[in-house]
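The opening position of the sequence shown corresponds to residue 9 in the numbering used here, with each subsequent residue numbered one higher.
Don't be surprised by glycine CBs; every beta carbon is placed ideally from N, CA and C.
Note that this is a predicted model, so its numbers are computed, not measured.
These notes concern the structure reproduced below.
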Amino acid sequence: MSFFITFEGVEGSGKTTQIHRLKKYLTEKGIPCRITREPGGTPIGEKIRKILLNPKFQGMVPLTELFLYEASRAQHVHEVILPLLKKGEVVLSDRFMDASIAYQGYGRKVDLKWVERLNRLASYGIKPDITFLLDCPSDMGLKRALQRIQRLKNKKPDRFEREQIEFHRRVRRGYLALAKKEPQRVMIIDTRQGEEKVFERIRTIVDKRIGLKK
Ligand code: TMP
C-alpha cells in the first residue's frame, strides 16, 4: 500500500531517531518501506545539500536558498518518491515541503505565497499522507543539536545550526502555524515526553491510518 509519511521539526527534535524506529517497526510487520531525506535523497540532491549546509556560504540570499531546496525536492520526488509510491511502498522522508514554509518562509521571511507555489511545482502536486511535527522549544532543540555535534569529533555546526535563536523561534512558529492550518495531516508531538512515549504516539497514529487505507 502506498503511503507517504514525513517528519519535521526544529533542530535537535529527534526526528532521525524516530524515523528509524518507525522503519524497523513497519519492516517487522512485513510492510515494505524506505527512508529518504531532504535536502538530499538523490545523488544530485546530496550535492545540493552540501552547498546548502556549508557554513562558508554565509552570503547565500534567501531566494537562492529556496530555489536550491526546491531543486533538490523536484529531483527527489521524480527520482525516488513517486516511483516508490507507484510500487506500493511506504515512503518515510526526513523533512519535505513543510520545511521550506517554516525555514524559508517564516525563518528567512520569503513571501509565503511564493514558497507555496514553488513547493507545489517541485513536488509535482503530491502531499504527505501524514506529517509528524516533533515539537519542542527552539532553545532546547538547538542545545541538543549542538551537544550532539560536540560529541562527534569531525562535525561542525552547519549554516542553520549557526543561526540566531530568533531565527529558530520563527521556524518553530511557522511549523505550529502549519499544524493549525492542516490538523488532519500535521500531527504535533511534544518531544519533551521522551523518546518512548513519542514513538508510542507515532506508532498508534500510523497503525490507525494505515489500517484505514487497507
Ligand atoms: P536536517 O538537519 O534535518 O537534515 O536538515 C538540514 C537543514 O535544512 C535543516 O537546518 C533544515 C533545513 N531545511 C530548510 O531550510 N528548508 C527545507 O526545505 C528543508 C527540506 C530543510
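Could you tell me the boundaries of the alpha helix (DSSP H) in which residue i lies?
| i | result |
| --- | --- |
| Met9 | First-last for Met9: undefined, no H or E at that position. |
| Met148 | 146-159 |
| Thr35 | 23-36 |
| Thr72 | 70-84 |
| Ile138 | From DSSP, Ile138 is part of no alpha helix (DSSP H) but of the beta strand (DSSP E) over 138-143. |
| Arg170 | Segment: none, Arg170 is in no alpha helix (DSSP H) and carries neither H nor E. |
| Val123 | 120-130 |
| Glu54 | 51-61 |
| Pro91 | 90-94 |
Measuring CB to CB, does residue i end up less than 8 Å from residue j?
| i | j | result |
| --- | --- | --- |
| Gln112 | Tyr77 | yes |
| Arg29 | Ser101 | no |
| Thr50 | His84 | yes |
| Pro145 | Glu97 | no |
| Phe15 | Ile89 | no |
| Leu142 | Ser21 | yes |
| Pro70 | Arg170 | no |
| Leu154 | Pro136 | no |
| Arg209 | Ile197 | yes |
| Ala107 | Leu186 | no |
| Arg42 | Val99 | yes |
| Ile213 | Met195 | yes |
Rounded to whole angstroms, what is the Cα-Cα separation between residue i and residue j?
| i | j | result |
| --- | --- | --- |
| Arg181 | Arg193 | 17 Å |
| Leu160 | Gly17 | 21 Å |
| Gly67 | Leu92 | 36 Å |
| Arg81 | Tyr183 | 19 Å |
| Thr199 | Pro47 | 23 Å |
| Glu36 | Arg178 | 38 Å |
| Lys163 | Ile157 | 6 Å |
| Leu126 | Ile134 | 13 Å |
| Phe75 | Lys205 | 37 Å |
| Ile59 | Phe65 | 8 Å |
| Thr24 | Leu120 | 27 Å |
| Glu19 | Phe207 | 18 Å |
| Lys95 | Tyr132 | 17 Å |
| Met148 | His176 | 11 Å |
| Arg57 | Gly38 | 32 Å |
| Lys31 | Trp122 | 33 Å |
| Ala79 | Met105 | 12 Å |
| Val118 | Gly202 | 34 Å |
| Leu150 | Tyr114 | 17 Å |
| Leu61 | Met9 | 34 Å |
| Lys189 | Arg103 | 18 Å |
| Ile52 | Glu124 | 23 Å |
| Pro191 | Lys216 | 16 Å |
Is there a Cβ of chain D sitting closer than 8 Å to that of residue i, yes or no?
| i | result |
| --- | --- |
| Val194 | The structure shown contains no chain D, having only a single protein chain. |
I believe residue i touches residue j by the beta-carbon criterion, under 8 Å. Please report the beta-carbon distance rounded to the nearest angstrom.
| i | j | result |
| --- | --- | --- |
| Arg152 | Tyr33 | Their Cβ separation, rounded to whole angstroms, is 23 Å, which puts Arg152 and Tyr33 out of contact at 8 Å. |
| Arg116 | Glu54 | With 8 Å as the limit, Arg116 and Glu54 do not qualify as a contact, their Cβ atoms being about 22 Å apart. |
Under DSSP, the beta strand (DSSP E) around residue i begins and ends at which residues?
| i | result |
| --- | --- |
| Ile173 | Ile173 -> not in any beta strand (DSSP E); alpha helix (DSSP H) instead, spanning 173-189. |
| Ile196 | 194-198 |
| Ile43 | 41-45 |
| Ser101 | 98-102 |
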